Amino acid sequence: MGRRRARRKIMASETAIGEGNCLGWAARDPSGFLSPYKFDRRDVGRDDISVRITYCGVCYADVGWPRNHPGNSKYPMVPGHEIAGIVQCVGANVKRFKVGDHVGVGTYINSCQKCDSCNIFLEVQCLRGVNLTYNSVDVDGTTTQGGFSRFIVVHQRYTFKIPDNYPLELAAPLLCAGITVYSPMKRHNMNQPGKSLGVIGLGGLGHMAVKFGKAFGLKVNVFSTSISKKEEAVSLLGADEFVLSSDEKQMKALAKSLDFVIDTASGDHPFDPYLNLLKVAGVYVTVGASEVKFSPISLLRGMRTVAGSAAGGTKDIQEMLDLCAAKGVYPKVEVIPIDYVNEALERLIKRDVKYRFVIDIENSLK
Amino acid sequence: MASETSIGEGKCLGWAARDPAGFLSPYKFDRRNIGSDDISVRITHCGVCYGDVLWARNAHGNAKYPMVPGHEIAGIVQEVGANVKRFKVGDHVGVGTYVNSCQKCDSCNIFLEVQCLKGANRTYNSIDVDGTVTQGGFSRFIVVHQRYTFKIPDNYPLELAAPLLCAGITVYSPMKRHNMNQPGKSLGLIGLGGLGLMAVKFGKAFGLKVTVFSTSMSKKEEALGLFGADEFVLSSDEQQMKALAKSLDFIIDTATGDHPFDPYLNLLKVAGVYVLVGAPNEIKFSPISLLLGMRTMAGSGTGGTKDTQEDENL
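Protein chains in written order, with this note's numbering: chain A, 102 to 467; chain B, 232 to 545.
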């Protein structure tokens, strides 16, 4: 019985691995289980850059899309949209990058380039619908495949210079987790030393919000359901205070005390207790995936605002990378080999990561 | 004999609710004597707001009876205190939804008294400076601190000024705050009651293209003819709603009944603003409606004294 099963496994992997010039790890079905898969990347066009991927961060999207949570998943699917690597080839029109440069690629690899959003470098909000790094349609009509792979060919506009002195394994999470909080923090003027920020959720996004918050001179309170994260929140990440969200007394004591709140929590959660932490005219930014549900009083009383944001435009991404290098803002990561990725995804669902998994593609995906 | 006992005693005649049935009937009570900063206003008109329904029926759970509702007050000054310089006897004035505040917190200091951190003293069902329960504008006169009284320009009919003190300011304040005074931009309006009508009027005054959304086809003619909106959309018409996706700069939601939010949020352009001034039971929507399009939902409750006077002048 055991031999038959082993033989079945070998045959399955031989047919399933596919053919092509690029090796990656893909999900084949909504179980979301990833395994080796070969596929083709397009040839380098005039505006393209071929990036040899050294690291790729693991985002909650890499849980959701392979499991078809949005309902539009195309298989096989190679996830991964926090890509860091080294330029290995450039197209004829590419002047800003050269072979050997350290670069990053984020959550989208193209857009229409001529709508109102694209024209202000807010390509993520392209009115025609931005082309995502995976599970989307590329310029050549093929399905895009993500960064859990050896290399990627991408238009130069959607590639970002990573300053040479910034470690690539730390740059990777900035391309989604970083920009997803940086962009609304900038848009809602959170760079105001002395003001106060509440961060809900202390995962990949949350811990970056704490770091940017401190870089902006804000007083930062962290709200989490996991008491295990308390010590590091203050000692390692630099937050000023940690609040267990189930502690009703502490929550009440903080009513109307915060200028800003960033909600990065991925699971469904109540909003009223957090909205009531905001001062008059306070701003609540949601970047997480929870259904939004609250009493109108929480907005009317206090004249508050709830705003949404997703990733960021190309201008903001480059600005953020430069800021992180200049001010020494680094994510806290757990580097893993590609073989560990399925287990990492399970741990991510259980919120068991401090604070972002990053796959060492260069050394483990061969 | 029952009416003799329940009408009460006092210098001021009003109509009050006695219990959560919310039924109003004559009631006499006392108003305080004029203080040095006070104005006594002979009430000529008082608007009827949905708040008068809710509070009288104890919808908020804190009703104090007997309760004289009414917070859209227009009238004529009949007496002023020694410190009052801005008003004189005979002036046309208005009083809105609050009659006092702490006057020294961050909100009061920027003339956003309605958001007083100690809690603004409401025109009725609240506690006044003298410790008594405030009573509203369904009454013959009111004594109010000058800071919370507004000059109504002489050429403006008092019966039309009254609704501005709540309905008007409730939409004017966020329209100003969110920069809706931009000719050529587009505004969507949900709900066609007192607030909705005022929002259309301000919207047109600001040079906006105004589209009204309603569940009732019967309101179409009035929306376009009487209210002056540019377009009317039946919210149950899925095709029309889809055609308008990502087309509006602003939306003001004045609807009091429960309704879905996603279909309306998706009408907003990128970075569009959805202002909530109504009070359904619950706000509920998918995060995608905010994330995709980088949209904002903001709340507002009436407005500060500065905005209220500005609203009158406009």
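Beta carbons are placed, not taken as given, at the ideal position from N, Cα and C, and that holds for glycine. Being a predicted model, the structure only gives us computed values, none of them experimental.
Close CB contacts of Asp322 (chain B) within its chain, under the 6 Å cut and outside five residues either way in sequence, are with Val308 (chain order).
Contacts with chain B (Cβ-Cβ distance below 8 Å) from the region 200-226 of chain A involve Asp217, Ser218, Leu223 and Gln226, listed in chain order.
For Leu522 (chain B), the chain A residues whose Cβ falls inside 8 Å of its Cβ are Thr387, Val388, Gly409, Ser410 and Ala411, in order along the chain. Residues of the region 322-341 of chain A with a Cβ closer than 8 Å to any Cβ of chain B: none. Against chain B, a Cβ distance below 8 Å from Val381 (chain A) picks out Asp337, Ser338, Leu343, Gln346 and Leu348.
When Cβ-Cβ separations below 8 Å define contact, Glu392 (chain A) makes contact with chain B. In the three-state reduction of the DSSP assignment, Gly419 (chain B) falls in the strand class. For the C-beta of Arg405 (chain A), the chain B residues within less than 9 Å are, from N- to C-terminus, Ala529 and Gly530. Judged by DSSP in its simplified three-state form, Thr260 (chain A) adopts strand. In the structure shown, Arg143 (chain A) falls within a coil segment according to DSSP collapsed to helix, strand and coil.
The straight-line gap separating the alpha-carbon atoms of Gln540 (chain B) and Gly266 (chain B) is approximately 23 Å. Bounds of the beta strand (DSSP E) holding Pro257 (chain B) are Leu255 to Phe260.
Rounded to the nearest angstrom, the gap between the Cα atoms of Phe342 (chain B) and Gly535 (chain B) is 5 Å.
Residue burial is scored here from C-beta neighbours: Phe254 (chain B) has fewer than 16 other C-beta atoms within 10 angstroms and is therefore classed as exposed. Close CB contacts of Leu359 (chain A) within its chain, under the 8 Å cut and outside five residues either way in sequence, are with Ser297, Leu298, Gly299, Asn322, Leu378, Leu379, Lys380 and Gly383 (chain order).
Judged by DSSP in its simplified three-state form, Ala408 (chain A) adopts strand. Straight through space, the alpha carbons of Ser250 (chain A) and Tyr156 (chain A) are spaced by roughly 9 Å. Beyond the five residues adjoining it in sequence on each side, Arg249 (chain B) comes within less than 6 Å, by CB distance, of Tyr296 and Pro297 in the same chain, given in chain order. Contact of Ser517 (chain B) with chain A is assigned, a C-beta pair being separated by under 8 Å. Ala529 (chain B) is classed as buried because its beta carbon has at least 16 other beta carbons within 10 Å across all chains shown. Sixteen is the threshold: since fewer than 16 other Cβ atoms of the shown chains lie within 10 Å of the Cβ of Gly295 (chain A), the residue is exposed. Taking CB atoms only, Ser396 (chain A) has a neighbour in chain B less than 8 Å away. Between Ile514 (chain B) and chain A, the shortest Cβ-Cβ separation is below 8 Å. Less than 8 Å divides the Cβ of Ala408 (chain A) from the Cβ of Val386 (chain A).
For Thr275 (chain B), the uninterrupted beta strand (DSSP E) run begins and ends at Asp269 to Cys277, by DSSP. Under the Cβ criterion (8 Å, minimum of three pairs), the region 258-272 of chain A counts as touching the region 414-431 of chain A. The Cβ atoms of Ile304 (chain B) and Ala393 (chain B) sit closer than 8 Å to each other. With its beta carbon at least 8 Å from every one in chain A, Met429 (chain B) lies outside the interface. Counting the other CB atoms within 10 Å of its CB gives His203 (chain A) a total of 16 or more, which places it among the buried residues.
Under the three-state reduction of DSSP output, Ile150 (chain A) falls in the strand class.
For Tyr283 (chain A), the three-state secondary structure derived from DSSP is helix. Of A:Asp369, A:Asp265 and A:Asn211, the smallest CA-CA separation from Asp241 (chain A) is found for A:Asn211.
By the criterion of a C-beta distance shorter than 7 Å, Lys394 (chain A) is surrounded in its chain by Phe372, once the five residues flanking it on both sides are discounted.
Taking 8 Å as the upper bound for CB-CB distance, Ile328 (chain A) and Leu345 (chain A) are in contact here, some 6 Å apart.
Looking at B:Leu396, B:Val431, B:Arg273 and B:Pro414, the one whose alpha-carbon comes closest to that of Val326 (chain B) is B:Leu396. At a C-beta separation below 9 Å, Arg402 (chain A) has these neighbours in chain B: Gln346, Gly530 and Gly532.
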